[in-house]
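Adding 349 to a residue's 1-based position in the sequence shown gives its number in this note's numbering.
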Amino acid sequence: MRSLLIASLALLAVPAAAGAQSDPLCQLLNNCPPPPPQPSPEPSPAPSPSPSPTPTPDGSTRPVDPQPTPGQPSQLVAIRKRKTKPIVGISDQNPFTFSDPTFGALGLGYARLITPWNSIRTRPAELDRWLRTARAVGIEPLVSFNHSETDKCPARPCKAPSLGAYTKAFKAFRKKYPWVKVISPWNEANHQSQPLAKKPKLAARYYNVVRANCRGCKVVAADVLDSTNLAKWLKTFKRTAKKPRLWGLHNYTDTNRFRATGTAAMVKLVKGEIWLTETGGVVSFTTADGRPALPYNEARAARSIKYMFTLARRYPKRIKRLYIYQWRKNNSFDRFDAGILGFDGKPRPSLAVLQKELSKTR
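Structural data, given as structure tokens:
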């Protein structure tokens with residue numbers, strides 16, 4: 350369970366041209382492809398568009414599965430933010446989540462995106478699509494930078510960018526998106542799937558760069574997993590980080606094992622505000638070698654969602670936000686599934702629990 354985070358970086362492929370003109374997202378972003386030519390008397394079927402490749406949990410690249418999308422409104426509708434304590438958001442890679450009326454009804458006005466540290470250069474269209482869609486419906490984005498698409502940590506390649514390269518990329522991001530005011534310099538930096546797992550000092554330097562170049566922003570100093578190296582990693586990080594005031598924790602182990610070990614440790618290890626930047630109820634998780642760490646169980650995941658809130662409310666003066674991962678499983682082949690909805694878009698028991706818990710947090 351200590352390697353629970355497997356956050357697919359993929360965003361959905363752009364819709365096929367034939368149906369894109371009715372897509373509210375492409376209309377919003379002004380990037381709809383031209384309408385298809387009028388068919389000839391004996392039309393030949395158009396080839397299916399190639400879906401965008403996406404890194405999988407084991408680092409390989411496979412296409413994104415086409416997802417059955419719940420009925421989408423004819424236009425994007427601004428989300429009416431629900432006032433809750435703690436503040437509740439979603440951590441999700443899919444911009445179509447924001448046009449799902451079931452999601453909109455929850456009133457979650459905060460969302461987190463995991464994106465490669467250099468995506469401003471390597472994946473600009475997908476980055477822009479997610480951010481502009483979130484902005485259009487009134488969602489406050491939290492952007493968490495991640496390893497590059499080519500990294501396969503802990504195997505090779507696994508290389509952290511130089512401080513200069515990171516600084517250049519962040520400045521470019523900041524220039525294009527000055528309205529993005531909530532930043533996590535690196536996602537789950539202490540985990541073995543990241544090139545910073547053994548480089549907490551460099552992670553702290555990235556944090557210093559973001560703080561220096563993002564005045565007025567909320568910057569999550571360290572976004573960490575509740576793993577065994579947590580205390581040692583943070584001790585080194587804090588020596589270099591300049592006045593960290595906000596911390597991020599992914600407490601999957603606690604929420605899905607119904608305990609408080611990692612969360613309680615984090616509260617003692619750091620000063621300041623803590624956000625559960627990625628948490629939730631895991632429906633199923635299979636390790637890279639095929640072992641079922643958490644067998645498929647929707648009822649257990651729903652209980653974990655309930656316990657997630659119980660745990661957060663235990664520390665009301667420290668834990669101010671939580672971001673639930675995820676709205677829906679990204680790909681049919683993903684080994685990690687924490688979807689509130691099934692891959693087919695149908696509600697799971699977790700949704701009813703979430704709705705009930707949100708009503709308590711007003």
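All C-beta atoms, glycine included, are put in the ideal place defined by N, C-alpha and C.
Proximity winner among the options, relative to residue i (alpha-carbon distances)
| i | options | result |
| --- | --- | --- |
| R523 | A561, P544, P549, V632 | A561 |
| A701 | S681, D686, A650, A661 | A650 |
| Y664 | A590, P465, K508, E622 | E622 |
| Q495 | G487, S699, R461 | Rather than Gln, the amino acid found at residue 495 in this sequence is Asn. When each option's Cα is compared against that of N495, the closest is R461. |
| A637 | L491, A504, A485, E489 | A504 |
| G458 | R588, Y515, S448, N467 | S448 |
| A319 | G453, D441, G565, I439 | There is simply no residue 319 to check, as the chain begins at 350 and stops at 711 in what is shown. |
| S681 | I654, R484, F634 | F634 |
| V632 | W624, S653, T626 | S653 |
| N467 | T626, T589, A518 | A518 |
| I668 | A687, D693, T626, N646 | T626 |
| L425 | F445, E498, P435 | F445 |
| Y526 | K695, K592, V492 | V492 |
| T516 | D477, L545, C563, S440 | C563 |
| K591 | Q442, V569, R484, I439 | V569 |
| R478 | S497, Q442, P450 | Q442 |
| T451 | R588, A687, D683, R677 | R677 |
| L595 | Q541, G611, K666 | K666 |
| I463 | R470, W535, F586 | W535 |
Buried versus exposed call for residue i [16 or more other C-beta atoms within 10 Å across all chains shown]
| i | result |
| --- | --- |
| K550 | exposed |
| G629 | buried |
| T482 | buried |
| G597 | buried |
| W624 | buried |
| P490 | buried |
| A509 | buried |
| T571 | Here residue 571 is Ala; the residue named in the question, Thr, does not match the sequence. With 16 or more other Cβ atoms within 10 Å, it is buried. |
| F712 | Given a span of 350 to 711 for the chain in the structure shown, any question on residue 712 remains unanswerable. |
| D693 | exposed |
| W528 | exposed |
| K695 | exposed |
| F586 | buried |
Contact set for residue i: own chain, Cβ-Cβ below 7 angstroms, skip 5 residues either direction
| i | result |
| --- | --- |
| L707 | R431, T433, V437, L455 |
| Y645 | V632, S633 |
| P506 | T499, D500 |
Spatial neighbours of residue i in its chain, beta-carbon cut-off 6 angstroms, leaving aside the 5 residues before and after
| i | result |
| --- | --- |
| W582 | N539, P549 |
| R670 | P435, I436, W624 |
| G688 | Q675, R677, K678 |
| S542 | C502 |
Own chain residues within Cβ distance below 8 angstroms of residue i, not counting five before or after
| i | result |
| --- | --- |
| L512 | L551, R554, Y555, V558 |
| A609 | D603, L660, R663 |
| E647 | V632, R697, P698, S699 |
| G565 | K530 |
| A580 | A614, L618 |
| G691 | R677, K678, R697 |
Any 3 or more C-beta pairs closer than 8 angstroms across the segment 593–613 and the segment 567–582: yes
Stretch-stretch touch, CB-based, cutoff 8 angstroms, three pairs: the segment 654–663 with the segment 683–703: yes
The segment 612–625 in contact with the segment 641–648 per 3-pair CB rule at 8 angstroms: no
Entirely enclosed beta strand (DSSP E) segments - the segment 561–629, minimum 3 residues: 572–574, 595–599, 622–628
Ordered list of alpha helix (DSSP H) runs contained in the segment 623–702, each at least 4 residues: 647–662
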